[in-house]
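Counting with the UniProt record's numbering, you get residues 1 to 894 for the letters of the sequence shown. Think of the CB as a built atom: it goes at the ideal place given N, C-alpha and C, for glycine as much as any other residue.
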Amino acid sequence: MVFLLRNMRNHYLLVRHNRKLLLLCTCLLTTVFLYIIISLLSSSLSGTCHQFLPVNYLTEKIIPHNKKNGNLFLNSASTLPFLIDELMRINHSVHDELIDLHQRRKELVDANSILQNQVERLRSILVEHSRQIMRLRATLDSYKQTILENTPLSAVFYSKWPIVQLKLDDQNMNSPTVIGSSNGLCTIESCINWDQCRHTRFMKFCTDLSDSNSAMSFDEILQSSAHFTASCNIDNGACLRLTFGIHGAEKCMQESKLTSVNLPTCVVLFSNSLELDQIYQRYNYSVNQFNFLLVANSFPENTFRHGFDFLLPINYDILCMHSKKTCSNSSPLRLLPGRRSLLLSFKVGILSKNHVDKNYSSLTNLTIQHLKQMDTSSHKMNKSTSFISISIHESIDELENCWSDKYKEYLLQNFLSDSDWFPCEDTSSLRMSTFGLIMTDARNSLMSFGLRIQLINCLANGAIPVFIGNSGIYTDEAVDSELLSKVIIRVPRPRVEELPVILQSLSEAHIVEIRRQGQILFQRFLKHKPSQLTTLLLAVSRRLGFPQPPAPQWLSLPAYGEFQPPKQYPIHKENNLQVDLDDFLGPIGPQQSSISYQSNYTGPGGSARLAIVSVHGDGNVANPLWLFPSTPWEPPLPSDAPFVPYGFTKHGLRPINHSINLAGYEFNMNLGGMHPYEQFTIVVLTYDRFNLLCQTLESFLNLPYLHSVLVIWNNPIPPNSDLSWPQLHVPIKVILSQNNSLNNRFLPYDLIETDAVLSIDDDIQLRHDEIIFGFRVWREHRDQLVGFPVRAHFWNSSDNSWFYNSDYMCEFSMILTGAAFFHKYYAFAYTWEMSLDIRKMVDNYFNCEDIAMNFLVAHITRKPPLKRLCTAGISLQNELLPATTKNQSGAYTG
1 MVFLLRNMRN
11 HYLLVRHNRK
21 LLLLCTCLLT
31 TVFLYIIISL
41 LSSSLSGTCH
51 QFLPVNYLTE
61 KIIPHNKKNG
71 NLFLNSASTL
81 PFLIDELMRI
91 NHSVHDELID
101 LHQRRKELVD
111 ANSILQNQVE
121 RLRSILVEHS
131 RQIMRLRATL
141 DSYKQTILEN
151 TPLSAVFYSK
161 WPIVQLKLDD
171 QNMNSPTVIG
181 SSNGLCTIES
191 CINWDQCRHT
201 RFMKFCTDLS
211 DSNSAMSFDE
221 ILQSSAHFTA
231 SCNIDNGACL
241 RLTFGIHGAE
251 KCMQESKLTS
261 VNLPTCVVLF
271 SNSLELDQIY
281 QRYNYSVNQF
291 NFLLVANSFP
301 ENTFRHGFDF
311 LLPINYDILC
321 MHSKKTCSNS
331 SPLRLLPGRR
341 SLLLSFKVGI
351 LSKNHVDKNY
361 SSLTNLTIQH
371 LKQMDTSSHK
381 MNKSTSFISI
391 SIHESIDELE
401 NCWSDKYKEY
411 LLQNFLSDSD
421 WFPCEDTSSL
431 RMSTFGLIMT
441 DARNSLMSFG
451 LRIQLINCLA
461 NGAIPVFIGN
471 SGIYTDEAVD
481 SELLSKVIIR
491 VPRPRVEELP
501 VILQSLSEAH
511 IVEIRRQGQI
521 LFQRFLKHKP
531 SQLTTLLLAV
541 SRRLGFPQPP
551 APQWLSLPAY
561 GEFQPPKQYP
571 IHKENNLQVD
581 LDDFLGPIGP
591 QQSSISYQSN
601 YTGPGGSARL
611 AIVSVHGDGN
621 VANPLWLFPS
631 TPWEPPLPSD
641 APFVPYGFTK
651 HGLRPINHSI
661 NLAGYEFNMN
671 LGGMHPYEQF
681 TIVVLTYDRF
691 NLLCQTLESF
701 LNLPYLHSVL
711 VIWNNPIPPN
721 SDLSWPQLHV
731 PIKVILSQNN
741 SLNNRFLPYD
751 LIETDAVLSI
761 DDDIQLRHDE
771 IIFGFRVWRE
781 HRDQLVGFPV
791 RAHFWNSSDN
801 SWFYNSDYMC
811 EFSMILTGAA
821 FFHKYYAFAY
831 TWEMSLDIRK
841 MVDNYFNCED
851 IAMNFLVAHI
861 TRKPPLKRLC
871 TAGISLQNEL
881 LPATTKNQSG
891 AYTG
């Protein structure tokens, strides 16, 4: 074929060159013949005969003169018409030959054009086949890596350690004698029935049917808990048995004497601390007789067993219930401004069992004097308004103005010390104060009931707690010292005079952040009775080494009786050309789910917290009461981990190995980074726009790193069974929604098996290179939203309103979730942690779900979303999608 093309090309060039030569020869011959004819005519007309040698002009040779040709010129006039005819014949012959050559040239040009098109077509086929070969090679390597990582005989296989159950001696298990303790007190190791507390499941508890007020008040909350199990039978898996009050304590005392009974360990909860005091009085305050857990608001002096008993968390709703004042948590608390009208507020009274106790320590007396002087000086400096409000109630008359009788009765029922400082019932000054003072006496223990009420009042009103003195406060496994240190400020007693200077030196950002951390602690652990109980269960389960229950996933309902549609059609390659334009982007398969529940014992949040391993603390976890499949804050391995010879270290890591002149290919062969190989799931929200949906689904054909596609059919009416869906290289699963809600986009569906989720609308089409680039960016910023279309908002000072901007811009405020990557963890947070009022607003307005998700992620991480930026190889056209709004079908429209 190449030889033929080369000969045809040479022939074409020869013809093209000879055409000019033939034209030149024809013109020359015609001129010569005309010259001869004119010369002959002129000689015959003049009658003058010139003797000259004849010339044969056709051969350009001189004809010799002889007799034979002597009469040639005499007859030239008579042969003139013949010569003209001969010249005309030659001219026509040359013209015909030129036409024939031109036709042959045209045919050669057409043939050359056809061959050129064939060459280009073969070249494009070669490029496509080369790309397919690279895809197949990368996919084959991916399959080999997956098989290698899951082969038990391979060195790369992650081998789990064998589980060996430790069997303790029956005598040690049933005896209340302390193991490793010399004072005879119960410990977690000695007085817990560990046979009922297996580590293979989360902690479960059962309850005894009781008619006590405490049991009745907790009954509904207990039964709604994931820890609750209905029966206390051994086979039901209950680790603890929750009982209430004096009756429950007596029953547990009797059962503890029966060594043959193998029951779950008792946990006795006292909502009224006076009942606990009565129990201790019956047994002469001998704590050695109680080999079960005790929970109460406060304990008699020297009876609390550290590391075994629990203080019941105080909930703010109980204080509001016993108070005549309006609770401050009825209206939402704002973080801004950081500095309020008052700098410091302190309004407390001393409460004693028998009389007013003024026998303070010398240091406490000095502190009270300094505080009173501080309040007096503040009023002298500015008589109209004071920036410090301090009221210390000590006399009987003053105390009557501090608490109502109902509130005082509740306090007397729940504190068992001789005297304690309690905040006054009116907390309006705390609502206007930046800081709230907390008074601790030298005699107060860590379990001071008054100290804890002062703390919860400050947190509920948004005043930053300021501790005077170095006395600590009780912490447990739920609210530990690290978490508490983020919400309080400690000032030594000798520095009381310098307190205003110290507090005024804090920056606005620090004030807002401490207040924010205080609100997180208050909302999670202290706000109401459900949080009170869940905090207690969290502390108990962590102390026993249990992880929390798995976060509930949303049960997906199939739209066709099964998730995959019954009818599918193959996608034509031409339909996908506009989105699959670039070169090789990565392997296609095999389908690989993300590894789940790796941090059951050492991660943040709902783990057992045998150790806390995370790049961030618990402040970044939205709900520590659940155990999540994974979080965005898993710690990465060092950079040399993929190259070590240890299989369990480099398991799942697929580094990018650069080669000379193959850097782009090697880059696309593997994801690289310090996170294991993974894929992403696409979630498409649609409502009765099937044709448009199919176009979007077709664009996902051969998309690398795609695990599966979930289509959320947002219409409660199932799709028609006759509909034919596109057939992709990954499964399409159609989920039927129970209602038409935009919140369905962010439900934690049980079919999502990857950490990465790409949320996309049914009318959005992105190129493959854009999606893969966004996925790679997300892998490096797993705790942020990474997306494509953006929006911005600005404050318009001219009309005092917010301005919403959807034009092209350099700065932005949020990512539209119609095309955005996010971690599956945020689906749990959106559904189970975010306020229900926000989700109701999304349903009412049928909009704003993207705003809610952006604010949720920013609230948890304190980080902005990330917009995918263009590189030199990506077209700047269509970088931002057009401004969109939403119609009632839940889809974006231009």
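Measuring only the C-alpha atoms, how far is residue i from residue j?
| i | j | result |
| --- | --- | --- |
| Lys529 | Ile318 | 8 angstroms |
| Val613 | Glu482 | 14 angstroms |
| Asn600 | Met203 | 13 angstroms |
| Val2 | Leu701 | Because the pLDDT at Val2 is just 47, under 50, the model does not fix this residue reliably, and the point stays unresolved. |
| Leu430 | Tyr316 | 15 angstroms |
| Val119 | Leu108 | 16 angstroms |
| Trp725 | Gln568 | 5 angstroms |
| Ser835 | Val730 | 35 angstroms |
| Leu28 | Ile99 | 20 angstroms |
| Leu136 | Tyr143 | 10 angstroms |
| Arg609 | Gly603 | 7 angstroms |
| Arg782 | Asn401 | 54 angstroms |
| Ile712 | Ile133 | 35 angstroms |
| Lys257 | Cys266 | 13 angstroms |
| Phe775 | His823 | 11 angstroms |
| Phe546 | Leu693 | 45 angstroms |
| Leu671 | Asp769 | 14 angstroms |
| Leu627 | Asn743 | 22 angstroms |
| Arg839 | Pro748 | 15 angstroms |
| Ile147 | Asp640 | 23 angstroms |
Could you tell me whether any non-hydrogen atom of the ligand GTP is closer than 7 angstroms to the CB of residue i?
| i | result |
| --- | --- |
| Asn796 | By its list of ligands, the structure shown contains no ligand whatsoever, and the ligand GTP lies outside what it can speak to. |
With 16 other CB atoms within 10 Å as the buried threshold, where does residue i fall?
| i | result |
| --- | --- |
| Arg542 | buried |
| Cys191 | buried |
| Ala559 | buried |
| Ser93 | exposed |
| Gly307 | exposed |
| Gly589 | buried |
| Thr79 | exposed |
| Glu275 | buried |
| Met321 | exposed |
| Ser113 | exposed |
| Ser797 | exposed |
| Ala611 | exposed |
| Glu574 | exposed |
Quick check on the DSSP output: the alpha helix (DSSP H) that includes residue i runs from which residue to which?
| i | result |
| --- | --- |
| Ile318 | 316-321 |
| Ser113 | 80-149 |
| Thr535 | 529-543 |
| Phe846 | Looking at the DSSP string, Phe846 is not in any alpha helix (DSSP H), and its letter there is neither H nor E. |
| Val512 | 508-521 |
| Lys408 | 405-414 |
| Cys694 | 690-698 |
| Asp277 | 273-282 |
Under DSSP, the beta strand (DSSP E) around residue i begins and ends at which residues?
| i | result |
| --- | --- |
| Ala296 | 293-296 |
| Lys347 | 342-352 |
| Cys206 | 205-207 |
| Phe855 | Run containing Phe855: none in the beta strand (DSSP E); it sits in the alpha helix (DSSP H), 849-861. |
| Gly436 | 433-439 |
| Gln240 | It should be pointed out that residue 240 corresponds to Leu in this sequence rather than to Gln. Element bounds for Leu240: 240-244. |
| Phe563 | Per DSSP, Phe563 belongs to no beta strand (DSSP E) and is neither H nor E. |
Am I right that residue i and residue j are in contact with their C-beta atoms under 8 angstroms? What's the rounded C-beta distance?
| i | j | result |
| --- | --- | --- |
| residue 896 | Arg868 | Not covered by the structure: residue 896. The range shown for the chain is 1 to 894. |
| Tyr285 | Thr303 | 6 angstroms |
| Glu678 | Asp755 | 6 angstroms |
| Pro566 | Ser721 | 7 angstroms |
| Val684 | Ile595 | That pair is no contact at about 25 angstroms. |
For chain D, check one thing: does any of its Cβ atoms lie closer than 8 angstroms to the Cβ of residue i?
| i | result |
| --- | --- |
| Cys810 | Judged by its chain identifiers, the structure shown contains no chain D, having just a single protein chain. |
Quick check for students: name the residue ranges of the alpha helix (DSSP H) that lie wholly in the stretch 762-840, counting only runs of 4 or more. Counting whole runs of 4 or more residues, the stretch 762-840 contains the alpha helix (DSSP H) stretches 768-780, 825-828.
Go through the stretch 451-501 residue by residue and report every complete run of the beta strand (DSSP E) that reaches 3 residues or more, in order. Uninterrupted beta strand (DSSP E) stretches at least 3 residues long and entirely within the stretch 451-501 occur at 464-468, 489-491, given in chain order.
Any chance you could list the alpha helix (DSSP H) runs of at least 4 consecutive residues sitting entirely within the stretch 569-643, in chain order? The stretch 569-643 contains no whole alpha helix (DSSP H) run of 4 or more residues.
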